Amino acid sequence: MNEAQGRVWKKIAVFYTLTMLFSGVFDAFVLHAGRMDAGNFLYVTGAMWSPALAAFATKRIFRERIGDLPWTWSGARYAWLAYIIPIGYALPVYLIVWLTGLGGFYDVDLAKKIAEQFAWVNLPPSLLLALFVLLTATLGMIGKMSRALGEEIGWRGFLVPELSKVVGFSGTAVISGLMWPVYHYPILLFADYNAGTPAWYGLICFTIMVVASSFILTWLTLRSGSLWPAAIFHGSHNLFIQSILSPLTKNTGITKYIIDEFGIGLVITTLIGAIIVWRRRLELPQRIP
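See below:
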């Protein structure tokens, strides 16, 4: 290991240590309450912005410019790709669940809940569903992406470019992909960040899904040279899974073992996505042999 590589690993160690310290403060409030929505989601927001704060602090500690992070807008192509990919790997899982009866779809109870939430009590169920999906899939991105950006400034804006200086594409994706779920483990194990499956099952599925997603996110980041596609991807993932597809799905018992971030369905589809981008890794402009 030469001096330059040693400096990179030191930066990575400082970044991750600070991330865990900063997020640990906010996680403590969540764990005390036992639920993710405690503090009107402000604790979760703080935890999600901890990687960004850690990245900024690390840059300052090593006397580097925060402006050197990949802030450049990469264009509409990568923005749309980042928005669509999560739909591509999530929707098939839910369609299979709905069509096979492994889970219910948008019944009377769900329609009533949505109508009350949006004050649309007199609308036909089909129009209610269309408006719910349309507004959530567009305006809902503002809130989801504002939180996701905090994570992605750290994970893909700082960590991925640093790792890519010392390891190859696969190493960058795996290492950053393993650091990412560990940061979520406290609230996954000790709060309500789960879908109701046994902790060991949810932990395994979540970890594999996140590492597989890391391959896609690493490819998007290195291919575009920007952190914005990752922020859009992360926001879209959270939006469609947490705010649209899962709420439209009725649990029939086995459902929770298949859907959401803690089920086997997304494990399979994100692994397929990871294989696709891994096979295209030679397209990346910066590579470590």
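Under our numbering, the first residue of the sequence shown carries the number 215, and numbering increases by one thereafter. Note that beta-carbon positions come from the ideal geometry of N, C-alpha and C, so glycine has one too. Note that the structure is a prediction, hence the values are computed from the model and not measured.
- Rounded to whole angstroms, A413 and K470 show a C-alpha spacing of 12 Å.
- Counting only runs that start and end inside the stretch 257 to 328, the beta strand (DSSP E) elements of at least 3 residues fall at 317 to 319.
- In terms of Cβ geometry, G479 and V244 do not form a close pair [threshold 8 Å].
- Closest in alpha carbon position to T352, among R495, S450 and F236, is S450.
- Between F447 and P300, the CB-CB gap stays under 8 Å.
- Residue pairing by DSSP puts N465 in a beta bridge opposite G317.
- CA-to-CA, the gap between S384 and F429 works out to about 7 Å.
- DSSP places A426 inside the alpha helix (DSSP H), whose first and last residues are A413 to S438.
- In the structure shown, V347 falls within a helical segment according to DSSP collapsed to helix, strand and coil.
- I455 sits in a helix when the DSSP states are folded into three classes.
- Distance from the CA of A269 to the CA of F229, rounded to the nearest whole angstrom, comes to 6 Å.
- In the DSSP assignment, K358 falls within the unbroken alpha helix (DSSP H) covering G354 to E366.
- Taking every protein chain shown into account, the CB of L283 has 16 or more other CB atoms within 10 angstroms, so this residue is buried.
- In this chain, the alpha helix (DSSP H) harbouring F383 covers F383 to F404.
- By the Cβ neighbour-count rule, T463 is buried, with 16 or more other Cβ atoms within 10 Å of its own.
- The continuous alpha helix (DSSP H) containing R493 extends over residues I478 to R493.
- DSSP places L377 inside the alpha helix (DSSP H), whose first and last residues are V374 to L377.
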